[in-house]
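Following: one structure in structure tokens, then a few remarks.
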Amino acid sequence: MLALIDCNNFFVSCERIFEPGLKHKPVVVLSNNDGCIISRSQEAKDLGIKMGEPLFKARPVIEQAGVRVFSSNFMLYGDMSRRVMQILKTFGAVEVYSIDEAFVDLTHVPAADLEKCAATIRETISQHLDLPVCVGIAPTKTLAKAANHLAKKNPVYNGVMLLDTPAKQAVARRHLAVENIWGVGRRYAAKLHQHQVYTVADLVDRSPGWVYKHLGGVVGVRLRQELLGQPCQELDFKEAPARKNISCTRSFSQYITTLRELQEAVATYTSRAAEKLRQQRSAAKGITVFIRTNKFSVQAPQYHQSATVTLPIASADSGELIRYALQALQQIYQQGYFYKKAGVILSEFMPEHQVQTNLFDTTDRDKSQKLMQALDKINAKMGTNEWAVNVVGYATAGLKKDWKMTVSHRSDRYTTHWPEILKVNI
DNA sequence: TCTGGGGTCCTAGGACCC
DNA sequence: TCTGGGGTCCTAGGACCC
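Throughout the first sequence, residue numbering follows the UniProt record's numbering, covering 1 to 426 in sequence.
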């Protein structure tokens with residue numbers, strides 16, 4: 001048996017820890033650039049505010065109902081997430097699945113104690129961190145996700161749902177809509193509905209061949225097996241494997257028209273991506289740069305272009321990667337457009353100590369590595385400024401950064417930045 | 001006026017190899 | 001008329017996740 005623990009309205013719940021007065025009140029957290037709503041308290045959901053809805057569309061409801069609005073504060077959420085995972089590790093081996101959820105191996109727990117174990121997990125996280133979570137327990141990952149979903153939707157279960165017997169699983173399959181299953185998105189849901197498949201029970205009644213044909217091949221067949229209680233996806237306790245792509249993309253707070261400013265943005269994003277690259281001890285051979293106009297604007301002329309440059313020798317040096325990124329940018333930049341977003345994607349990784357150089361390489365790799373180490377060390381020690389921008393960086397990345405994203409309502413980074421630590425007045 | 005960011009996996013088809 | 005068999009690698013596109 002395994003458990004899937006998922007934090008309720010995670011980002012909103014993190015905000016509530018440090019401002020308990022927000023409990024039972026409608027609260028939302030925004031995406032980068034204060035664009036969309038990406039986390040909602042139950043009260044906000046009850047007001048009809050949708051996931052992913054643009055802030056300006058929800059504005060009327062927000063003002064009328066006095067909804068509290070926060071910019072995202074990922075430093076805080078990331079730190080709270082680490083704490084949740086630490087607690088979970090005391091219950092069994094943990095596979096961290098996302099910032100707010102994890103699978104926990106409960107094979108060592110006797111069947112009779114599973115329910116109690118789940119309740120203890122909830123209580124511990126509530127007591128130590130003041131975060132509400134739901135627990136779903138089942139023999140497969142997909143069923144555990146489903147159990148968690150049921151626990152969340154029906155308060156009568158007290159945040160815990162066990163699908164430990166075939167009988168309970170059969171009942172759950174009849175109550176679960178296919179669109180709520182892990183691995184079934186909007187497209188597949190519509191397709192399944194067209195074929196009169198509405199519940200999970202309907203789905204597993206179809207033959208594996210039918211599922212293969214209509215649900216993305218082997219992925220769908222595995223899904224069906226898992227829903228029947230036969231594991232196809234093992235728990236994975238290994239360290240998160242190195243990423244195969246690393247990207248940094250952002251919308252600008254205002255339109256950009258000049259190459260000079262785009263260069264600043266692209267250089268900034270490249271250094272950020274390169275930093276992540278060095279953290280996982282990789283070097284990249286491919287770098288893609290894209291720029292685009294505002295895709296939502298109906299009148300403005302649209303332009304969306306990307307270019308990929310292959311480095312002769314894989315690199316993790318910010319300065320070198322920036323040079324290639326700017327070269328790619330040069331290829332795609334067109335004057336006369338109002339640019340709204342740009343991004344950098346690093347690809348074709350290899351371990352940094354296995355980089356294949358060539359005979360004609362004149363770069364001082366040793367020096368570059370030392371420089372990067374010093375850069376990362378200083379930035380790690382000195383932290384980032386209020387815009388989460390490194391203290392030491394490249395001049396091409398600019399200083400003013402007029403285009404940087406909007407962050408109007410961010411709470412303090414209570415647990416990671418000394419100047420922002422919570423102050424209590426007695 | 002205002003619309004996020006960062007990932008993964010799988011398949012099909014083409015090019016190529018022996 | 002009949003035209004092998006087995007494989008890899010790459011890319012684009014489509015789906016999904018949080």
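C-beta: ideal position from N, C-alpha, C; glycine also.
Reference Q331, options V29, G48, L259, closest by Cα: L259
Close beta carbons around I246, own chain, < 7 Å, minus the five adjacent residues each side: A273, K276, L277, L346
Run of the alpha helix (DSSP H) containing Y269, from where it starts to where it stops: 259-279
Same chain, Cβ closer than 7 Å to H108, five either side skipped, listed in chain order: G92
C-alpha gap between L129 and Q327, whole angstroms: 48 Å
Touching by the beta-carbon criterion (3+ pairs, under 8 Å), the region 311-319 and the region 352-370: yes
Own chain, CB closer than 6 Å to L4, minus 5 neighbours either side, in chain order: F103, G136, A144, K145, N148
Cβ-heavy atom distance, F237 to the ligand PLP, below 8 Å: Among the components modelled here there is no ligand, and therefore nothing to report on the ligand PLP.
Residue interval of the alpha helix (DSSP H) (run including K116): 114-129
Where E19 falls: helix, strand or coil (DSSP): coil
Distance between F56 and R11 (C-alpha atoms, nearest Å): According to the sequence displayed, residue 11 carries Phe and not Arg. C-alpha separation (whole angstroms): 20 Å.
Neighbourhood of N263 by C-beta, 7 Å cutoff - its chain only, sequence neighbours within 5 removed: As written in the sequence, residue 263 is Gln, which differs from the Asn given in the question. Excluding residues within five positions, the ones whose Cβ falls inside 7 Å are L326, L329, T396.
Pairwise C-alpha distance: T124 and I87: 8 Å
Boundaries (first-last residue) of the alpha helix (DSSP H) holding H149: 141-153
Per-residue DSSP class, three states only, for S71: coil
Local conformation of H304 per DSSP, three classes: strand
Completely contained alpha helix (DSSP H) runs for the region 164-248, where each covers 4 or more residues: 166-175, 186-194, 200-205, 208-214, 218-227
Bounding residues of the alpha helix (DSSP H) (the contiguous stretch that carries L371): 365-382
Assigned exposure category for Q373 - 16 Cβ within 10 Å defines buried: exposed
Spatial distance of S253 from S318 (CA atoms): 25 Å
In DSSP terms, what K341 is bridged to: S251, R292
CA-to-CA distance, F18 to I421, given in whole angstroms: 10 Å
Segment contact flag, the region 334-348 with the region 291-311, C-beta cutoff 8 Å, min 3 pairs: yes
Short Cβ contact (9 Å threshold) for T308 with I322: no
Euclidean distance between Cα positions of P54 and M405: 15 Å
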